[in-house]
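Chains as they are written, first to last, in our numbering: chain A, 697 to 803; chain B, 697 to 803.
2 protein chains.
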Amino acid sequence: MERVGFRLQLRTEMLDEYVLHHTKVWPDMLAALEKTGWHNYSLFLDRSDGSLFGYFETPDLQAALAGMASEEVNERWQKFMAPFFLELGDKRADEGFISLENVFYLK
Amino acid sequence: MERVGFRLQLRTEMLDEYVLHHTKVWPDMLAALEKTGWHNYSLFLDRSDGSLFGYFETPDLQAALAGMASEEVNERWQKFMAPFFLELGDKRADEGFISLENVFYLK
């Protein structure tokens, strides 16, 4: 399994609403993530500046990204979420995230 | 298992050296982490601003923190690492980290 860390920037005035939506992610969105290999997936929020940190494990990152890119529900979900993010331009959040460098790992 | 996300701020002029030290963490430091319940532990670096994100899983966060606080090797390691961090004051990195809010989880 590859361990993936990524970072995105939320609009700090919209954090409560973002969190609320993530307590009730659409079941077909969850199913699509599972199907395309997004495992043990957590999102962590730093409310002090709106930094969002994602962590997941996947057998193949490129396949996981390509898989979600081909899911219709993902396109709807990312359009729904786009207003919450800064600095994405025309990209979906899962296209625009900054992949982080894994500098340490202990099993 | 509790999933823990945390964040720290590295001095951007010292990133290469920080990364290098983390390719050769002392064996007794690794053993202490394992012994005190730090599992599946990754550190991720955002080189654009020196943000460091940590992720680990533990049966009991308070026990994991207290366990490391009582390990002599941890005191030595944290003293060694202290110059790499900003905004810690007199705290060790594992005392000064910002615990992040887990806003989403998918198994």
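Every residue, glycine too, gets a C-beta built ideally from N, C-alpha and C.
Computed from a predicted structure; not experimentally measured.
Among the residues of its own chain, which have a CB less than 6 Å from the CB of residue i, if the five just before and after it don't count?
i: glutamate 753 of chain B; result: Met697, Arg699, His735, Asn736
i: glycine 763 of chain A; result: Thr732
i: tyrosine 751 of chain B; result: Gly701, Ser738
i: glutamate 783 of chain A; result: Gln705
i: glutamate 767 of chain B; result: Ala728
i: valine 769 of chain B; result: Asp724, Met725, Ala728
Under 7 Å Cβ-Cβ, which residues of chain A neighbour residue i?
i: glutamate 797 of chain B; result: Phe740, Leu741, Arg743
Going along the chain, which residues of its own chain have a beta-carbon closer than 8 Å to the beta-carbon of residue i, five neighbours each way excluded?
i: alanine 789 of chain B; result: Leu704, Gln774, Met777, Ala778, Phe781
Could you pull out every residue in the same chain whose Cβ sits closer than 7 Å to the Cβ of residue i, ignoring the five residues on either side in sequence?
i: asparagine 798 of chain B; result: Arg699, Gly701
When the cut-off is 8 Å and only beta carbons count, does residue i lie next to chain B?
i: asparagine 770 of chain A; result: no
i: lysine 775 of chain A; result: no
i: lysine 787 of chain A; result: no
i: phenylalanine 793 of chain A; result: no
i: leucine 726 of chain A; result: yes
For residue i, which residues in chain A fall below 8 Å Cβ to Cβ?
i: glycine 733 of chain B; result: Within 8 Å Cβ-Cβ: nothing; glycine 733 of chain B doesn't reach chain A, min ~12 Å.
i: glycine 701 of chain B; result: Ser738, Phe740, Phe749, Tyr751
Kindly list, in the order they appear in chain A, the residues whose Cβ is closer than 9 Å to that of residue i.
i: leucine 782 of chain B; result: Simply none; closest approach about 14 Å.
i: leucine 802 of chain B; result: Val721, Leu726, Leu729, Glu730, Trp734, His735, Asn736, Tyr737, Ser738, Phe752
To the nearest whole angstrom, what separates the beta carbons of residue i and residue j, a pair I think is in contact under 8 Å?
i: glycine 746 of chain A; j: leucine 711 of chain A; result: 6 Å
i: leucine 802 of chain B; j: leucine 761 of chain A; result: With 8 Å as the limit, leucine 802 of chain B and leucine 761 of chain A do not qualify as a contact, their Cβ atoms being about 16 Å apart.
i: aspartate 724 of chain A; j: leucine 796 of chain B; result: With 8 Å as the limit, aspartate 724 of chain A and leucine 796 of chain B do not qualify as a contact, their Cβ atoms being about 27 Å apart.
If we cut at 8 Å on Cβ distances, does residue i have a partner in chain A?
i: arginine 707 of chain B; result: no
List, in chain order, every chain B residue whose beta-carbon is nearer than 9 Å to that of residue i.
i: lysine 720 of chain A; result: Neighbours of lysine 720 of chain A on chain B: none; closest Cβ ~10 Å, over 9 Å.
Quiz item: Three or more C-beta pairs closer than 8 Å, one from the region 763-781 of chain A and one from the region 727-747 of chain B: is that the case here?
Solution: In the pairwise beta carbon analysis, the region 763-781 of chain A is classified as not touching the region 727-747 of chain B: fewer than three pairs are separated by under 8 Å.
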